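First comes the structure, then the notes that go with it.
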Amino acid sequence: MLENVDLMTAIVTPFTDDGQNIDFDALEKLTNHLLDTGSKGFVIGGTTGETPTLTEVEKLLLYKRFVQIVDERVPIIAGVGSNNTQGTIDFINKVAEIKGIDMVLVVVPYYNKPNQRGMIAHFETVADNSPLPVMIYNIPGRTGVLMEKETVVTLSQYPNIDGVKQCNTMEDLEYIVEHTSDDFAVFSGEDAQALFAKVIGANGVVSVASHIYGDLISDMYTQLETGDYKAAGAIQRELTPKMAALFMYPSPSPTKAALNEIGYHVGGCRLPILPLNDEEKDILFNKLNIQEVIK
40 MLENVDLMTA IVTPFTDDGQ NIDFDALEKL TNHLLDTGSK GFVIGGTTGE
90 TPTLTEVEKL LLYKRFVQIV DERVPIIAGV GSNNTQGTID FINKVAEIKG
140 IDMVLVVVPY YNKPNQRGMI AHFETVADNS PLPVMIYNIP GRTGVLMEKE
190 TVVTLSQYPN IDGVKQCNTM EDLEYIVEHT SDDFAVFSGE DAQALFAKVI
240 GANGVVSVAS HIYGDLISDM YTQLETGDYK AAGAIQRELT PKMAALFMYP
290 SPSPTKAALN EIGYHVGGCR LPILPLNDEE KDILFNKLNI QEVIK
């Protein structure tokens with residue numbers, strides 16, 4: 040399913056100006072833009088999609104509408120994870136009723152801080168009870184706990200666990216690629232690792248920066264595939280500081296501010312994430328060289 044997918048976008052959830060509702064017209068416009076600029080798949084309802092602020096009803100509606108918008112053009116991975124194993128299973132089974140969701144993204148349980156044995160039990164139980172294949176979401180910076188690389192490898196051998204979105208060191212990513220089978224999808228969740236991930240044999244990246252720079256990331260991968268490593272490296276070096284700028288304030292507020300500036304009106308963020316103020320926008324847009332993006 041993800042064999043030929045290298046650039047996936049963890050898509051934002053657009054809101055109306057009052058923040059009360061999801062703006063589906065804006066979502067459709069943004070989705071088509073991302074497809075036009077190289078995205079070959081999507082994570083909907085992830086961290087960048089602000090799912091902690093969405094109700095279950097909103098998430099299910101978002102996924103239903105998103106499936107209609109994408110219309111089978113690329114794979115869709117839906118965020119379903121929580122720190123409650125049974126709650127995660129219950130929600131997966133509701134999401135699985137939506138025809139067009141290809142895989143579910145299950146975050147390492149946060150706040151509870153399970154040990155590695157508990158993580159394995161959580162993911163095996165979820166996988167046993169999921170009608171859809173499971174992708175592990177290992178993001179210690181947000182969960183407060185790290186799934187060790189050896190644990191990822193152990194779980195990669197379990198039925199119905201088919202991939203990982205890995206947000207940690209390059210060394211851990213290398214280890215996972217080296218010790219998992221070719222049919223286990225390995226994606227970096229770190230934009231700055233986009234080129235590195237492909238070079239060492241991972242599938243690619245689940246990107247936030249692709250909202251703004253999808254065409255450049257796609258071009259970088261094309262240069263890599265044609266053997267022009269210097270050109271690919273030059274693009275990554277150009278993008279790395281811009282990728283960092285998109286996380287200089289709480290995400291996804293910088294990405295939404297940039298999208299609004301270049302003509303994709305996605306609204307602001309829901310509390311506790313605030314929209315950028317004017318000073319913050321000026322700093323961000325200067326680092327992004329936003330006028331060049333608009334051109």
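In our numbering, the protein residues as written are 40 to 334.
Cβ coordinates follow ideal geometry from the N, Cα and C atoms, glycine included.
Every value quoted in this text rests on a predicted model; they were computed, and no experiment measured them.
Open item on the list: Please classify Thr208 as buried or exposed, where buried requires at least 16 other C-beta atoms within 10 Å of its C-beta.
Closed with: exposed
Open item on the list: For Leu69 and Val305, which I take to be in contact (beta-carbon distance under 8 Å), what is that distance rounded to the nearest angstrom?
Closed with: 6 Å
Task: Whether Ser169 touches Ile140 by CB criterion (8 Å) - done: no
Open item on the list: Here's the rule: buried if 16 or more other CB atoms are within 10 angstroms of the residue's CB, otherwise exposed. What is Asn242?
Closed with: With 16 or more other CB atoms across the displayed protein chains lying within 10 angstroms of its CB, Asn242 is buried.
- [ ] Spatial neighbours of Gly120 within its chain, please: CB distance less than 7 Å, with the 5 preceding and 5 following residues excluded, ordered by chain position.
- [x] Thr127, Leu144, Val145, Val146, Tyr176
Task: Segment contact, 8 Å Cβ cut-off, at least three pairs: the stretch 204 to 219 with the stretch 176 to 186 - done: The answer is yes - the stretch 176 to 186 touches the stretch 204 to 219, with three or more Cβ pairs under 8 Å.
Task: Distance CB(Ser290)-CB(Val244) smaller than 8 Å - done: no
Open item on the list: Considering only the alpha carbon of each residue, which of Leu46, Thr87, Ser78 lies closest to Thr52?
Closed with: Thr87
Task: 6 Å Cβ shell around Thr182 - same chain, five flanking residues per side excluded - done: Val147, Tyr149
Task: Where Gln196 sits in the DSSP three-state scheme - done: coil
Task: Endpoints, beta strand (DSSP E) assigned at Ile178 - done: From DSSP, Ile178 is part of no beta strand (DSSP E); its letter is neither H nor E.
- [ ] May I have the straight-line CA-CA distance separating Asp56 from Gly240, to the nearest angstrom?
- [x] 42 Å
Task: Supposed close pair Lys320, Gly307 - CB separation, criterion 8 Å - done: Between Lys320 and Gly307 the beta-carbon gap is near 12 Å, outside 8 Å, which marks them as no contact.
Open item on the list: Can you tell me whether Glu229 is buried or exposed? The criterion is at least 16 other CB atoms within 10 Å of its CB, across all chains shown.
Closed with: buried
TODO: Identify whether Leu234 lies in helix, strand or coil by the three-state DSSP scheme.
DONE: helix
Open item on the list: Could you check whether Leu99 and Lys133 sit closer than 8 Å to each other, using their CB atoms as the reference points?
Closed with: yes
Task: Three or more C-beta pairs below 8 Å linking the stretch 249 to 259 and the stretch 270 to 278 - done: yes
TODO: Would you check whether the ligand MN has a heavy atom nearer than 7 Å to the C-beta of Leu185?
DONE: For the structure depicted, the ligand MN is absent and the ligand set is empty, with no information on it obtainable.
Open item on the list: Let me confirm a value: Ala273 is counted as buried when at least 16 other C-beta atoms fall within 10 Å, else exposed. Which label applies?
Closed with: exposed
- [ ] Compute the distance between the beta-carbons of Gly202 and Val225, then report whether it is under 8 Å.
- [x] yes
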